[in-house]
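Engineer:
Rendered as structure tokens:
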């Protein structure tokens with residue numbers, strides 16, 4: 017589904033990614049772990065299409081298509097979703113309206129009929145339950161006045177509604193208390209399927225207690241220095257990252 | 003960034019949709035302005051002597067005044083001798099119904115999406131259609147008459163309701179209030195007159211569509227709205243004008259008077275031709291004086307404006323809060339794209355006790371547009387417990403535009419409570435990326451974000467206007483970002 021080959025990238029002449037190689041197959045959940053500044057979020061943002069980065073070399077293929085040529089909205093329409101580390105506030109734009117616009121954009125792209133207001137509301141009510149969110153959040157502006165945990169749940173709500181095939185969870189666990197973390201993890205776990213893949217980016221092993229990854233990759237200085245299964249997370253928890261540094 | 007810029011450029015290169023000229027015979031006074039022109043206008047309208055004298059007095063004052071230069075607007079001097087001050091479709095005979103209206107004119111309204119015939123049948127809006135300078139037809143008149151509401155052209159009111167006109171004309175905006183009000187007072191052509199009697203809630207929203215048509219003709223509208231005690235009225239003003247190379251001058255005066263417990267809500271959506279998007283050539287110069295007096299206790303005047311058109315906008319709808327407990331409100335969205343310049347805001351003068359005013363201003367600058375908020379709040383000596391809340395937000399789209407804020411606050415009574423908030427922001431790349439990542443195009447995202455930014459003001463508009471305003475914003479700046 018996603019194949020990253022020897023990806024080098026920089027921002028403002030500062031090298032951040034030093035040859036990333038990563039392959040994600042349908043149905044897999046990969047976790048990328050690493051310290052602050054190791055390049056985790058950069059990788060997530062490059063996949064999603066943020067333009068701030070200079071791609072020096074390498075390639076990213078998504079379902080066989082060259083991803084780097086595509087605009088962020090085309091990537092989204094093709095099935096890539098990113099749950100933001102810091103979800104953005106859009107004052108005055110109703111959360112329901114935003115979500116419906118996003119869904120209709122996707123339906124239109126797939127050549128399907130746009131969803132009407134009534135059907136959308138019943139769809140969204142069902143999704144709300146899955147992330148244990150109150151309906152009142154629908155009538156608020158996008159992320160406006162939301163707590164950290166509410167923002168993250170809102171991200172997952174969007175993911176459940178838009179049904180992407182590749183979901184990037186950028187530090188979705190940060191700023192969550194344990195209850196909220198469980199809710200978010202439950203939302204993700206219920207959403208897992210043979211067709212859907214996930215790339216979870218995190219500092220902590222904590223998240224992985226609730227979402228079972230198929231693979232774990234350790235990122236240091238823009239390179240994947242070690243890959244393994246969920247045992248690796250436990251090892252990291254005990255030993256930290258320093259034993260992996262050159 | 004560069005991709006976004008491309009989208010902006012595309013949006014900016016959009017043609018003005020309403021740029022067409024109606025081909026009908028017109029009765030035009032040759033360009034130039036002197037006492038005789040004032041007399042001819044008055045004579046053509048068969049006005050009584052007192053009104054001619056009033057005009058002439060205003061003209062004398064105007065000649066002594068100077069074009070104001072304190073605004074942020076930049077424009078070449080206007081040659082007032084190059085402008086024709088009267089233009090009317092040649093009246094062949096008195097019109098009894100819409101069928102008798104020149105089909106060309108009706109077609110014009112069709113293109114603008116204002117089918118009068120349909121409106122007459124389907125909607126609950128009475129339309130006093132001002133075509134250039136003379137009112138062609140007034141619909142819904144009978145229904146309004148039943149309620150005792152007077153809604154007619156200004157000229158008609160001069161003949162049919164001279165006492166009210168005499169009493170209130172110039173009472174809110176004195177002839178020599180400013181350069182443009184003096185000019186308007188001398189040469190005003192026509193406009194609307196509304197009187198809501200005591201205790202009457204106007205059964206429908208009153209609406210006037212203005213349209214500047216004749217080439218090189220200044221349009222000088224005069225509107226007077228009186229809401230008698232315990233009455234209520236909502237008035238809508240919407241405007242489009244055809245494409246022109248010359249700068250067309252528009253200097254309207256609107257006066258509102260609210261008596262005891264009365265409420266007037268005045269809403270404007272203005273999308274006149276803003277000038278050529280690439281060169282800034284043409285476009286309307288809009289110098290308007292709008293003011294309301296809350297004369298009676300507990301009266302309320304509320305201005306809502308959405309200004310997306312015109313090359314120049316010079317406009318400060320204000321409220322004089324004379325009555326105790328009276329309320330003034332100003333909700334504004336002003337957009338300057340390409341070469342447009344807007345210098346707009348409000349003036350709230352608190353005279354009575356326990357008076358309250360609210361100002362919400364949203365400025366949007368895109369392209370090379372310059373947007374200025376200029377607002378004055380004055381609390382007079384006897385205005386015990388006056389309160390004002392002002393909020394001025396500006397949003398910038400692109401890096402060639404500008405936003406400026408000039409709040410003037412003058413408090414002469416220590417019991418006043420004043421709040422002022424202001425913000426200026428660029429449309430966030432983070433916001434755009436967030437929308438893009440959800441599959442929403444940059445164009446749609448910008449329009450969504452800007453509409454969100456304007457929401458507090460759009461909420462104040464009557465339903466059908468709110469929809470129109472949103473569409474206008476989309477057309478005016480799809481995709482502008484930087």
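Chains as they are written, first to last, in this note's numbering: chain A, 17 to 262; chain B, 3 to 484. Heads up, the beta-carbon is just placed ideally off N, CA and C, and yes, glycines get one too. Model, not experiment: these values are computed from the prediction.
Between residue 454 of chain B and chain A, is the shortest Cβ-Cβ distance under 8 Å, so that the two count as touching?
Structural biologist: On the second chain, residue 454 of chain B is found 452 positions in, with the first residue counted as 1. Closer than 8 Å to some Cβ of chain A, the Cβ of residue 454 of chain B qualifies, so yes.
Engineer: Which word fits residue 134 of chain B, buried or exposed, when buried means at least 16 other C-beta atoms lie within 10 angstroms of its C-beta?
Structural biologist: If you number the second chain from 1, residue 134 of chain B lands on position 132. Caution is warranted here: a pLDDT of 47 is assigned to residue 134 of chain B, below 50, making its placement in the model unreliable, and the coordinate value is therefore given only provisionally. Flag for residue 134 of chain B reads buried.
Engineer: Roughly how many whole angstroms lie between the Cα atoms of residue 95 of chain A and residue 396 of chain B?
Structural biologist: Taking the first chain and counting its residues from 1, the one referred to as residue 95 of chain A is at position 79. Taking the second chain and counting its residues from 1, the one referred to as residue 396 of chain B is at position 394. Each residue's alpha carbon lies about 35 Å from the other.
Engineer: For residue 379 of chain B, does the count of other Cβ atoms within 10 angstroms reach 16, so buried, or fall short, so exposed?
Structural biologist: Counting from 1 along the second chain, the entry for residue 379 of chain B is found at position 377. By the 10 Å Cβ count, residue 379 of chain B comes out buried.
Engineer: Around the Cβ of residue 213 of chain B, are there at least 16 other Cβ atoms within 10 angstroms (buried) or fewer (exposed)?
Structural biologist: Counted from its first residue, the second chain places residue 213 of chain B at position 211. Unreliable placement is indicated for residue 213 of chain B, whose pLDDT of 43 sits below 50; the coordinate value is still reported in the next sentence. Burial call: buried.
Engineer: Would you list, in chain order, the members of the stretch 81-92 of chain A that have their beta-carbon closer than 9 Å to a beta-carbon of chain B?
Structural biologist: Against chain B - using a Cβ distance shorter than 9 Å - the residues of the stretch 81-92 of chain A are 87, 88, 89, 90, 91, 92.
Engineer: Mapping the DSSP letters down to three states, classify residue 204 of chain B as helix, strand or coil.
Structural biologist: The residue you call residue 204 of chain B lines up with position 202 of the second chain. DSSP places residue 204 of chain B in coil when its eight states are reduced to three.
Engineer: Measure the CB-CB distance between residue 359 of chain B and residue 386 of chain B and report whether it falls below 8 Å.
Structural biologist: Your numbering for residue 359 of chain B matches position 357 in the second chain. Your numbering for residue 386 of chain B matches position 384 in the second chain. No, the pair does not count as a contact, with Cβ atoms beyond the cut-off.
Engineer: Between residue 39 of chain A and residue 19 of chain A, how many whole angstroms is the CB-CB distance? I'm expecting something under 8 Å.
Structural biologist: Against the first chain, residue 39 of chain A aligns to sequence position 23. Against the first chain, residue 19 of chain A aligns to sequence position 3. About 5 Å; that satisfies the 8 Å criterion.
Engineer: Per DSSP, which one or two residues make a beta bridge with residue 274 of chain B?
Structural biologist: The sequence position of residue 274 of chain B within the second chain is 272, counting from 1. The partner list for residue 274 of chain B (beta bridge, DSSP) is empty, contrary to what the question assumes.
Engineer: Report the neighbours of residue 140 of chain A on chain B: residues whose CB is nearer than 7 Å to its CB, in chain order.
Structural biologist: Taking the first chain and counting its residues from 1, one reaches residue 140 of chain A at position 124. Chain B residues near residue 140 of chain A: none, gap ~14 Å exceeds 7 Å.
Engineer: If contact means a Cβ-Cβ distance below 9 Å, which residues of the stretch 170-203 of chain A contact chain B?
Structural biologist: The stretch 170-203 of chain A vs chain B, Cβ under 9 Å: 174, 178.
Engineer: List the DSSP bridge partners of residue 302 of chain B.
Structural biologist: As a first step, residue 302 of chain B is located in the second chain; it is residue number 300 there, counting from the start. BP columns for residue 302 of chain B point to B:265, B:329.
Engineer: Can you find at least 3 beta carbon pairs, one from the stretch 321-330 of chain B and one from the stretch 285-305 of chain B, that sit closer than 8 Å?
Structural biologist: Yes, the stretch 321-330 of chain B is in contact with the stretch 285-305 of chain B.
Engineer: Count the other CB atoms within 10 Å of the CB of residue 334 of chain B; is the residue buried (16 or more) or exposed (fewer)?
Structural biologist: Within the second chain, numbered from 1, the residue matching residue 334 of chain B stands at position 332. Its Cβ being crowded by 16 or more others within 10 Å, residue 334 of chain B is buried.
Engineer: Measuring only between beta-carbons, confirm whether residue 100 of chain A sits less than 8 Å from chain E.
Structural biologist: The structure shown contains no chain E; the protein chains it does contain are A and B.
Engineer: Decide if the stretch 251-261 of chain A is in contact with the stretch 69-85 of chain A; the criterion is three or more beta carbon pairs, one per stretch, under 8 Å apart.
Structural biologist: Touching, no, given that fewer than three Cβ pairs across the two stretches are closer than 8 Å.
Engineer: Which chain A residues sit within Cβ distance under 7 Å of residue 439 of chain B?
Structural biologist: As a working mapping, residue 439 of chain B is identified with position 437 in the second chain. Under the 7 Å cutoff, chain A gives 64, 88, 92, 98.
Engineer: Reducing DSSP to helix, strand and coil, say where residue 189 of chain B ends up.
Structural biologist: Residue 189 of chain B sits at position 187 when you count from the first residue of the second chain. The answer is helix: DSSP assigns residue 189 of chain B an H, G or I state.
Engineer: Is there a C-beta anywhere in chain A that falls below 8 Å from the one on residue 401 of chain B?
Structural biologist: In the second chain, counting from the first residue as 1, residue 401 of chain B sits at position 399. No, residue 401 of chain B lies away from the interface with chain A (no Cβ there is under 8 Å from its Cβ).
Engineer: What is the C-beta distance between residue 107 of chain A and residue 454 of chain B, in whole angstroms, given that I count them as a contact (C-beta under 8 Å)?
Structural biologist: Against the first chain, residue 107 of chain A aligns to sequence position 91. Against the second chain, residue 454 of chain B aligns to sequence position 452. Confirmed, Cβ separation roughly 6 Å.
Engineer: Using a C-beta cutoff of 8 Å, does residue 442 of chain B count as contacting chain A?
Structural biologist: By 1-based counting over the second chain, the position of residue 442 of chain B is 440. Yes, residue 442 of chain B counts as interfacial toward chain A.
Engineer: Around the C-beta of residue 87 of chain B, are 16 or more other C-beta atoms found within 10 angstroms, so that it is buried, or is it exposed?
Structural biologist: The count along the second chain starts at 1 and reaches residue 87 of chain B at position 85. Buried: at least 16 other Cβ atoms inside 10 Å.
Engineer: Report all residues from its chain with a CB closer than 6 Å to the CB of residue 223 of chain A; omit the five preceding and five following residues, and keep chain order.
Structural biologist: As a position in the first chain, residue 223 of chain A is number 207, starting the count at 1. If we look at residue 223 of chain A and ignore the five residues flanking it on each side, its Cβ neighbours are 189.
Engineer: Alpha carbons only, please: which of A:120, A:45, A:166, A:133 is nearest the one belonging to residue 204 of chain A?
Structural biologist: Taking the first residue of the first chain as 1, we reach residue 204 of chain A at position 188. With distances taken between Cα atoms, residue 204 of chain A lies closest to A:45.
Engineer: Whose C-alpha, out of B:428, B:390, B:398, is nearest the C-alpha of residue 420 of chain B?
Structural biologist: As a first step, residue 420 of chain B is located in the second chain; it is residue number 418 there, counting from the start. Cα-wise, what sits closest to residue 420 of chain B is B:390.
Engineer: If we count the other Cβ atoms within 10 Å of its Cβ and call it buried at 16 or more, is residue 350 of chain B buried or exposed?
Structural biologist: Taking the first residue of the second chain as 1, we reach residue 350 of chain B at position 348. It is buried - the Cβ of residue 350 of chain B has at least 16 other Cβ atoms within 10 Å.
Engineer: With a threshold of 8 Å between beta-carbons, can residue 147 of chain A be considered close to chain B, or not?
Structural biologist: Looking up residue 147 of chain A in the first chain gives position 131. No, because no Cβ of chain B sits closer than 8 Å to the Cβ of residue 147 of chain A.
Engineer: Since residue 373 of chain B and residue 365 of chain B are thought to touch, with beta carbons under 8 Å apart, how far apart are those beta carbons, to the nearest angstrom?
Structural biologist: Walking along the second chain from the start, residue 373 of chain B turns up at place 371. Walking along the second chain from the start, residue 365 of chain B turns up at place 363. Indeed, because the Cβ distance is near 4 Å, the residues count as touching under 8 Å.
Engineer: Looking at the secondary structure, which residues open and close the beta strand (DSSP E) in which residue 350 of chain B lies?
Structural biologist: For the purposes of this step, residue 350 of chain B is taken as residue 348 along the second chain, with counting starting at 1. Residue 350 of chain B -> beta strand (DSSP E) spans 343-352.
Engineer: In chain A, which residues lie with their C-beta within 7 Å of the C-beta of residue 433 of chain B?
Structural biologist: Sequence index remark: in the second chain, residue 433 of chain B carries index 431 (1-based). Within chain A, the residues near residue 433 of chain B are 104, 106.
Engineer: Could you check the C-alpha separation between residue 187 of chain B and residue 60 of chain B for me, to the nearest Å?
Structural biologist: The count along the second chain starts at 1 and reaches residue 187 of chain B at position 185. The count along the second chain starts at 1 and reaches residue 60 of chain B at position 58. Approximately 6 Å, taken between the alpha carbons.
Engineer: Check whether chain B comes within 8 Å of residue 125 of chain A, counting only Cβ atoms and requiring the distance to be less than that.
Structural biologist: Within the first chain, numbered from 1, the residue matching residue 125 of chain A stands at position 109. Yes, residue 125 of chain A lies at the interface with chain B (some Cβ there is under 8 Å from its Cβ).
Engineer: Any idea if residue 345 of chain B is buried or exposed, counting beta-carbon neighbours within 10 angstroms, 16 or more meaning buried?
Structural biologist: Taking the first residue of the second chain as 1, we reach residue 345 of chain B at position 343. Classification of residue 345 of chain B: buried, given that the 10 Å Cβ count is 16 or more.
Engineer: Check whether the stretch 168-187 of chain A touches the stretch 199-216 of chain A, taking contact to mean three or more Cβ pairs, one atom from each stretch, closer than 8 Å.
Structural biologist: Judged by Cβ distances under 8 Å, the stretch 168-187 of chain A makes contact with the stretch 199-216 of chain A, as three or more pairs qualify.
Engineer: Quick check on the burial criterion: 16 or more other C-beta atoms within 10 angstroms. Buried or exposed for residue 128 of chain A?
Structural biologist: For this step, residue 128 of chain A is matched to residue 112 along the first chain. Classification of residue 128 of chain A: exposed, given that the 10 Å Cβ count is below 16.
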